[in-house]
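Structure first, then comments.
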Amino acid sequence: MDEVAVEYIRRTVLKIPRDEIMAVLQKWGFLSEAQLQTINFRQTKESISHSVAQLCEESSAGIKQAALLDIIYNHIYPNKRVWSVYHMNKTGKASFFSFSTQVTINFREYEDNAIWIRIAWGTPYTKPNQYKTSYVVYHSQTPYVFISASTLRSNLPLLCQAMVVASNYHNIREMELRSHCLNSLKDIVFKRYSQNFQTNYPLQERNVLTENEDLRINDENRSEKERIHRLNQECFGDGPQPKLDFAQYKLETMFKSDPKWDVLEKKEPFRCLVKFSSPHLLESLKSLAPAGLADAPLSPLLTCIPQKARNYFKIREKSSLHPGSFVSP
Amino acid sequence: MEEGRNSDEKKTALCGRSLTAASQDGGGRMSAVPLAQGKVEGGKVYSGDGVLGYLEMLEAQAHELGLKQEEKEQQEKKLNRLKAKVQELRTRRDELRAKVELQEKRLLDKEGVVTDPARPSAQTVLEWKVKSIKAMLQVFYLTGISGKLTKQGICFCISTAYEGTYLDSYYVDLLIKPEVKIQRHSVPIFIPLEQIAKKYLQTDIRRFLSVLSDHLNAYVGRRHQADQLEEHFSDRIEGTLQRNSLCNLLVFNYTVSSDSKTFPFNVRLLYRDLCCSLPTEAIISCTPGTLSLLAKVAAAHSNTFRQMALHKAFDSIINAKESQD
Chain Y
61 MDEVAVEYIR RTVLKIPRDE IMAVLQKWGF LSEAQLQTIN FRQTKESISH
111 SVAQLCEESS AGIKQAALLD IIYNHIYPNK RVWSVYHMNK TGKASFFSFS
161 TQVTINFREY EDNAIWIRIA WGTPYTKPNQ YKTSYVVYHS QTPYVFISAS
211 TLRSNLPLLC QAMVVASNYH NIREMELRSH CLNSLKDIVF KRYSQNFQTN
261 YPLQERNVLT ENEDLRINDE NRSEKERIHR LNQECFGDGP QPKLDFAQYK
311 LETMFKSDPK WDVLEKKEPF RCLVKFSSPH LLESLKSLAP AGLADAPLSP
361 LLTCIPQKAR NYFKIREKSS LHPGSFVSP
Chain S
800 MEEGRNSDEK KTALCGRSLT AASQDGGGRM SAVPLAQGKV EGGKVYSGDG
850 VLGYLEMLEA QAHELGLKQE EKEQQEKKLN RLKAKVQELR TRRDELRAKV
900 ELQEKRLLDK EGVVTDPARP SAQTVLEWKV KSIKAMLQVF YLTGISGKLT
950 KQGICFCIST AYEGTYLDSY YVDLLIKPEV KIQRHSVPIF IPLEQIAKKY
1000 LQTDIRRFLS VLSDHLNAYV GRRHQADQLE EHFSDRIEGT LQRNSLCNLL
1050 VFNYTVSSDS KTFPFNVRLL YRDLCCSLPT EAIISCTPGT LSLLAKVAAA
1100 HSNTFRQMAL HKAFDSIINA KESQD
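In order, the protein sequences belong to chains Y and S. The working numbering applies: residue 61 is where the first sequence begins, and numbers increase by one. The working numbering applies: residue 800 is where the second sequence begins, and numbers increase by one.
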């Protein structure tokens, strides 16, 4: 068991950028300062990891310490995983099913009221595989859970069930919100990002675009620029946007074209998937209109992303008299 | 001009190099062909050391001079602009001074009507009106609940404060038709907004706002007290202050000294009333066995925590201890 733990620690250390290994090990606190001083951090990462493994073996590190290091690593670098948001509520009846499997579970509480739960999955017959982990982040007194499942998605129902029971709710459902940036997901569902509300006070000073003080240049489009700026402010607000990787729109609408073109013989919804990807989706959407790449105001389908707390959309035809499209809840 | 030429010639002597150019012949091979006897000088290439080279040099010099002149012009322009601005500010300052003197004079004159030596222009009247409206809006904001009509309803702003310090503002954007509904808001998720809205939003908006404001102010007050405790007394607290999202459960440890011995105390503050910023319970525990000795002290501390703001309570506890020792 110890060899597994030590090897796991070694591989975790390999994932850390070399300049930050010392800081992470200090946070971990398992190896003493004296022991850390003996490591030469100028070697290659491979050698550093072996030094650390050696020290851990001497100090009899176990699975618990290895798991703790993994939690700390994932807390410092959460953006290496994809996180989904789940919403819990108390409507409906609580239902349970029984399932048994072997797991390793570790908890760690952080100052921002976040509880990090690490689960290493096994099967009813095998010991937990420390390399197949899921992470759950939960903030007290909130109905949201942030889950980063590993490859074993079959364990998700069990995980969700456990969360519901532990937090005293009845139901859990997956929200259509996914991203690499955990903090941005938190910002969106906890409403910590800057929304633009209309107020009388504090007075919203008109942001006169004064980049070019040169009096020789006349801005012919000044009023248009200011209009775009104002509309953008109303949609996106002033502050930094939450960081999302993509927005996906699944269209199931009828293809609207000139009848004489008659693309589709059958009157069937045209299935189409549109995906916007970006290192920072919302900031790039915010800069579309000022850059002249899109008309302001932008489509509400794009600007409603943080407010609706979703980046997966299904767009279907409105089934009433008014033709148009509506977004499914 | 003469000097320049001499120095150029010196440079030419020191670092002359001939230029070659590569040209492609029909077969696509590159061969080196001397283009001309030229010189490389100070990063600038002169393609001949005859008339052409001299002309190029002159051209370059003229270009440089042109740039310098442009720069100079720009600086002059900037200077003029600043001078104009200074002038403007000076006149404005004079105007304001005149106004202030006028006001003072008015205050001193208790009888009779003083004819204004400077009749306020329409501009200044307008400015005063705008200023007074802005002040009025600020007053509304300072009351804690203010709102602005929007196209579809009203956007309320709840500005929270605790003991004179203004803290965060929270917004609730309401739709009015067909029924009163919250369109969007910036209320933190752990405030029971949905419950409050369910109870009061349809029937009594004032009550809804009042209850929501109580919750928010209490939350912000508790959070402020916890922050103040951490900021000012982190050295007197063992470990860190633990709190939950609503800041209605706070736990921390500190030491009490009595008879030259130190005892660790653990305090657990429960704020069961979410609209209240003082704890309903303050449970103090010590290491088992010592409670009997310190029961009085613990009870006194518990009372203090329940009656005063957290950071002030802690301050008085520490100072009381120090005056005892």
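C-beta atoms are modelled at their ideal positions from N, C-alpha and C, and glycine is treated no differently. Just so it is clear, the structure is predicted and the values come from calculations on it, not from any experiment.
Item, Value
"Contact list for T151 of chain Y against chain S, beta-carbon separation under 9 angstroms", "Chain S residues near T151 of chain Y: none, gap ~12 angstroms exceeds 9 angstroms."
"Residues bridged to C954 of chain S (per DSSP)", "S:K947, S:D972"
"Buried or exposed (CB count within 10 angstroms, at least 16 for buried), Q103 of chain Y", "exposed"
"Nonlocal neighbours in the same chain, by C-beta distance under 6 angstroms from R78 of chain Y, ignoring five residues either side", "K105"
"Collapsed DSSP secondary structure at M235 of chain Y in the structure displayed", "strand"
"CB contact below 8 angstroms: L1033 of chain S versus chain Y", "Note that residue 1033 of chain S is Ser in the sequence shown, not Leu. Not one chain Y Cβ lies under 8 angstroms of S1033 of chain S."
"A65 of chain Y beta carbon less than 8 angstroms from that of I123 of chain Y", "yes"
"Secondary structure of Y999 of chain S, DSSP reduced to three states", "helix"
"Of the residues S:R891, S:A1112, S:Y970, the one placed nearest I953 of chain S, counting alpha carbons only", "S:Y970"
"Reduced DSSP category for G1038 of chain S - H, G, I as helix; E, B as strand; rest coil", "strand"
"Same chain only: Cβ atoms within 7 angstroms of I288 of chain Y, ignoring 5 sequence neighbours per side", "A349, P350, A356"
"Any non-hydrogen atom of the ligand PLP within 7 angstroms of S194 of chain Y CB", "You won't find the ligand PLP in this model; it holds no ligand whatsoever."
"Residue interval of the beta strand (DSSP E) (run including H230 of chain Y)", "Careful: H230 of chain Y lies outside any beta strand (DSSP E) and carries neither H nor E."
"Contact under 8 angstroms by Cβ, D176 of chain Y with Y195 of chain Y", "Sequence inspection shows Trp at residue 176 of chain Y; the Asp mentioned does not correspond to that position. The answer is yes: Cβ separation under 8 angstroms."
"Within chain Y, partners of F1051 of chain S - CB distance below 9 angstroms", "Residues of chain Y passing the Cβ test: none, with the nearest at roughly 13 angstroms."
"Whole-number beta carbon distance between R331 of chain Y and L358 of chain Y, since they are thought to touch under 8 angstroms", "No, L358 of chain Y and R331 of chain Y are not in contact; Cβ-Cβ is about 24 angstroms, not under 8 angstroms."
"Exposure label - V929 of chain S; buried when at least 16 CB within 10 Å", "exposed"
"Extent of the continuous beta strand (DSSP E) to which S144 of chain Y belongs", "143-149"
"Same chain, Cβ closer than 6 angstroms to C241 of chain Y, neighbours up to 5 away in sequence not counted", "N139, K303"
"Within the stretch 123-194 of chain Y, ranges of the alpha helix (DSSP H) (whole runs, at least 4 residues)", "123-136"
"Contacts of N1043 of chain S in chain Y (Cβ-Cβ under 7 angstroms)", "N173, S200, Q201"
"Interface residues of chain Y facing F989 of chain S [CB-CB closer than 7 angstroms]", "Q201, T202"
"Unbroken alpha helix (DSSP H) run spanning R1021 of chain S, endpoints", "1004-1032"
"CB contact below 8 angstroms: Y261 of chain Y versus chain S", "yes"
"Beta-carbon proximity of L973 of chain S to I990 of chain S, cut-off 8 angstroms", "no"
"Through-space distance from E93 of chain Y to Q86 of chain Y, alpha-carbon basis", "8 angstroms"
"Option nearest C295 of chain Y by Cα separation, candidates S:L1073, S:L1028, S:R983", "S:R983"
"Cβ-Cβ distance between Q1041 of chain S and A1108 of chain S below 8 angstroms", "no"
"Which of helix, strand or coil DSSP assigns to P217 of chain Y", "helix"
"C-beta neighbour in chain Y for R1067 of chain S, strict 8 angstroms", "no"
"Alpha-carbon to alpha-carbon, S945 of chain S and S1076 of chain S", "22 angstroms"
"Stretch-stretch touch, CB-based, cutoff 8 angstroms, three pairs: the stretch 145-164 of chain Y with the stretch 253-263 of chain Y", "no"
"Closest by C-alpha distance to R71 of chain Y, when choosing among Y:T202, Y:N215, Y:Q114, Y:N100", "Y:Q114"
"Below-8 angstroms beta-carbon distance, R301 of chain Y vs any chain S residue", "Here residue 301 of chain Y turns out to be Gln, not Arg, going by the sequence shown. It does not: the Cβ of Q301 of chain Y has no partner Cβ on chain S nearer than 8 angstroms."
"Those residues which DSSP pairs with P1063 of chain S across a bridge", "S:T1054"
"8 angstroms Cβ cutoff, S985 of chain S in contact with chain Y", "yes"
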